[in-house]
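Residue numbers (this note's numbering), protein chains in the order written: chain E, 1 to 186; chain L, 187 to 372; chain G, 373 to 558; chain P, 559 to 744.
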DNA sequence: AATGAATGAGGCTTCATTCAT
DNA sequence: TATGAATGAAGCCTCATTCAT
């Protein structure tokens with residue numbers, strides 16, 4: 001199980017740095033300190049490796065944000081926790097976050113089972129519904145809201161990265177940007 | 187100049203459908219009804235073709251939105267025109283819009299001269315500044331605002347595409363989503 | 373000894389269906405319900421497995437035809453028994469017969485010790501000699517006769533298989549084809 | 559068209575010497591004095607190369623025997639010409655003949671269009687029919703006769719090769735073996 | 001004897017690019 | 001400009017075999 005992890009780790013870094021097609025499986029193996037064939041012992045194809053990596057990372061993120069959101073009591077705080085901790089996680093795991101972004105904008109998304117995607121969105125969608133029913137935010141299609149929030153996070157993340165903000169202004173910007181978002185939704 | 191256009195057109199479609207690395211230059215040539223080598227008479231390399239395509243498309247979009255924005259008199263209307271006509275153009279030119287998205291999330295962005303990028307953003311940034319100085323929107327880094335607007339457009343575009351909305355609800359959603367954005371920014 | 377048999381059985385089927393090079397040792401192991409490495413405990417190499425399989429099968433066929441031929445008293449009946457029971461065996465053991473054919477037309481034949489081959493042919497050659505000396509068949513090189521008989525059997529076998537004959541016409545054809553052969557040789 | 563021929567020629571030799579799976583496409587290219595990729599410029603896949611080679615060779619053989627058979631007037635002479643010149647051709651083109659044998663006993667046969675096979679047999683089948691209707695040979699399924707003749711040729715060919723016969727005894731054996739065959743069929 | 005993870009050489013094929021016509 | 005045959009590096013993957021458990 002050790003080598004498998006090494007492979008996933010190496011793959012993550014290389015995929016982000018050079019793209020899916022830009023990184024050869026042989027490079028991944030080499031970087032992981034593993035024989036060429038070992039990669040294919042653990043993952044039938046390069047595609048399978050990519051998908052597996054995506055699912056693993058997505059689950060990590062969801063576990064984290066879910067945990068944080070559940071600590072909150074009122075609805076706005078839950079939404080905020082969801083938003084903010086996603087950003088924190090993203091900034092703490094830039095490779096992982098970039099990779100997820102790469103996937104969702106590539107043809108690979110279509111290889112992820114639809115149920116998997118539904119399952120991933122489920123908690124967030126429920127939270128949005130709760131906020132809508134509680135009168136906290138406007139009545140709009142939940143999918144639409146979910147989309148706006150996700151994209152908003154992505155935009156802020158990108159901005160912070162590009163500007164290379166320090167810890168304090170970073171935290172401030174994140175707080176501020178959530179308030180912008182919340183203002184938009186209420 | 188005819189064949190050159192055929193090549194660009196074929197390339198656009200294939201790049202969007204199969205990605206940059208997924209489409210061979212030979213396929214592009216074939217699709218364009220052109221000999222294999224002809225492609226390389228017009229574009230020194232595959233990369234040059236990609237960049238050229240991007241710049242052409244970007245210019246088309248900017249010309250269009252600029253023209254629409256200039257028809258408006260007051261600031262909010264200008265911003266709105268910018269926002270809305272970008273979306274309309276995107277929905278009318280899905281291949282082109284997708285392609286631009288693909289580029290901006292790929293390593294190819296780094297091959298686009300920085301001045302080019304600055305030039306592209308210039309008009310939008312000036313408009314944002316104008317709106318900020320006129321007290322219409324909050325004082326925040328212009329880059330940040332620009333980022334938020336751009337990403338917002340992308341999010342709405344994606345949502346519309348996924349939901350396959352009809353003409354009327356589409357128009358309504360676009361209007362509505364601009365109001366959301368504006369609310370956020372003011 | 374159980375797993376060894378499973379391996380040989382699986383190998384036989386796969387070799388016939390997909391050829392020697394077309395079937396991976398791992399597939400054989402899998403099909404035999406055995407671990408990958410187990411195969412190499414029983415057979416040092418893939419080649420050894422192939423040769424072993426061939427020798428086993430050849431011995432089975434020879435034992436069977438020998439036994440049948442010995443039940444006969446006069447020479448023609450012996451030759452006939454040899455001919456007919458080879459065909460019956462072949463039709464009862466199509467995988468085994470195919471496999472033998474595959475081997476004899478592949479470079480693997482050269483890996484079978486010459487003495488082994490001599491030994492295998494011995495009984496048949498002696499029978500042919502007996503028939504020749506008894507004046508039943510023409511005086512021609514025994515090897516040549518042996519060759520003609522063998523190939524004749526193969527031809528009839530192939531024809532029966534291709535035409536998917538029923539039991540009765542099959543038996544008739546076999547009898548008839550022996551008479552043709554005999555007519556040729558006398 | 560030159561390189562294409564070189565490739566076919568090199569492929570023929572190597573396939574016969576080392577089998578289909580035993581010869582790498584890179585070896586073929588190298589042997590043909592051609593770049594690796596050139597092979598795939600002329601043949602989409604290794605399989606296509608194999609099939610193409612088979613069809614080319616088969617056509618050569620058929621052209622030759624057809625031509626010889628048509629020179630004969632009476633039926634037996636036609637059959638004999640067919641038989642004997644096939645053997646001569648085989649002995650003059652051992653690589654080609656071996657290759658054809660290899661194909662017909664491999665899974666590749668199934669990739670040859672059935673009509674193609676029918677077309678190839680057509681002339682021979684018609685000749686057999688003619689001989690049968692003329693009362694020269696026994697009334698048996700034409701396919702069966704065709705099969706027996708073919709296999710007979712193959713047996714004699716193999717025998718001659720193994721024994722490395724000189725020109726004169728070779729010719730004698732061929733004549734003699736035809737008489738054996740004819741005796742069987744009448 | 002049995003397992004199955006690990007190996008790495010080698011196979012087939014793709015593809016951007018060149019060049020003689 | 002246009003063509004398309006030719007190139008050869010590089011990619012993905014397979015597979016016989018080994019070895020620690």
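In this text, a Cβ means the ideal position worked out from N, Cα and C, and glycines have one as well. Because the structure is a prediction, the values reported are computed rather than measured.
- Along the length of the segment 576-663 of chain P, whole alpha helix (DSSP H) runs at least 4 residues long occupy 583-590, 594-600, 604-629, 633-650 and 652-662, reported in chain order.
- For residue 333 of chain L, the closest Cβ of chain E is nearer than 8 Å.
- Rounded to whole angstroms, residue 508 of chain G and residue 557 of chain G show a C-alpha spacing of 8 Å.
- Contact between residue 95 of chain E and residue 4 of chain E is absent: CB atoms are separated by about 18 Å, not below the 8 Å threshold.
- Looking only at L:298, L:272 and L:294, the smallest Cα-Cα distance to residue 335 of chain L is reached by L:272.
- According to the DSSP assignment, residue 492 of chain G belongs to the alpha helix (DSSP H) that extends over 486-505.
- A check of alpha carbon separations from residue 289 of chain L across L:328, L:275, L:234 and L:311 identifies L:234 as the nearest.
- Comparing C-alpha distances from residue 701 of chain P to each of G:523, G:426, G:531 and G:444 shows the shortest one belongs to G:531.
- Around the beta carbon of residue 45 of chain E, fewer than 16 other beta carbons lie within 10 angstroms, which makes this residue exposed.
- DSSP places residue 509 of chain G outside both helix and strand once states are collapsed to three, so it counts as coil.
- Close CB contacts of residue 266 of chain L within its chain, under the 8 Å cut and outside five residues either way in sequence, are with 258, 364 and 368 (chain order).
- Non-local C-beta neighbours of residue 585 of chain P in its own chain, meaning closer than 7 Å and more than five positions away in sequence, comprise 572, ordered along the chain.
- Residues of the same chain with a CB within less than 8 Å of the CB of residue 480 of chain G, apart from the 5 flanking positions on each side, are 392, 419, 422, 423 and 426 in chain order.
- Excluding sequence positions up to five before and after residue 339 of chain L, its CB lies within less than 8 Å of the CB of 269, 272, 273 and 276, all in the same chain and listed in chain order.
- Within chain G, no residue has its CB atom less than 8 Å from the CB of residue 655 of chain P, the nearest being about 13 Å off.
- The alpha-carbon of residue 29 of chain E is positioned some 13 Å away from that of residue 2 of chain E.
- Excluding its 5 nearest sequence neighbours in each direction, residue 506 of chain G has C-beta neighbours in its own chain below 8 Å: 447, listed in chain order.
- The beta carbon of residue 412 of chain G does not come within 8 Å of any beta carbon belonging to chain P, so the residue lies off that interface.
- Per DSSP, residue 666 of chain P is not a residue of any alpha helix (DSSP H), being assigned neither H nor E.
- The alpha-carbon separation between residue 250 of chain L and residue 278 of chain L amounts to approximately 12 Å.
- For the segment 660-685 of chain P, the residues whose beta carbon sits under 8 Å from a beta carbon of chain G are, in order, 660, 663, 664 and 665.
- Out of G:405, G:430, G:408 and G:538, the CA that lies nearest to the CA of residue 493 of chain G is found in G:430.
- The beta carbons of residue 173 of chain E and residue 180 of chain E sit no closer together than 8 Å.
- Spatial neighbours of residue 314 of chain L in its own chain (CB-CB distance under 7 Å, excluding positions within 5 residues in sequence) are listed in chain order as 328, 331 and 332.
- Residue 228 of chain L and residue 202 of chain L have their C-alpha atoms some 21 Å from each other.
- Burial check for residue 675 of chain P: the Cβ neighbour count within 10 Å stays below 16, so the residue is exposed.
- Secondary structure note for residue 558 of chain G: it is in no alpha helix (DSSP H), with a DSSP letter that is neither H nor E.
- The C-alpha of residue 25 of chain E lies about 10 Å from the C-alpha of residue 37 of chain E.
- Taking the Cβ atoms as the reference, residue 6 of chain E lies roughly 6 Å from residue 33 of chain E, within the contact range of under 8 Å.
- Looking at the backbone, the Cα of residue 196 of chain L and that of residue 292 of chain L are separated by about 20 Å.
- Chain E has a Cβ within less than 8 Å of the Cβ of residue 366 of chain L.
- Here residue 471 of chain G has 384, 387, 388, 425, 426 and 429 as same chain residues with Cβ atoms under 8 Å from its own Cβ, once five neighbours each way along the sequence are excluded.
- In this structure, residue 503 of chain G keeps its C-beta atom at 8 Å or more from the C-beta atom of residue 438 of chain G.
- Not a single C-beta of chain P is nearer than 8 Å to the C-beta of residue 448 of chain G.
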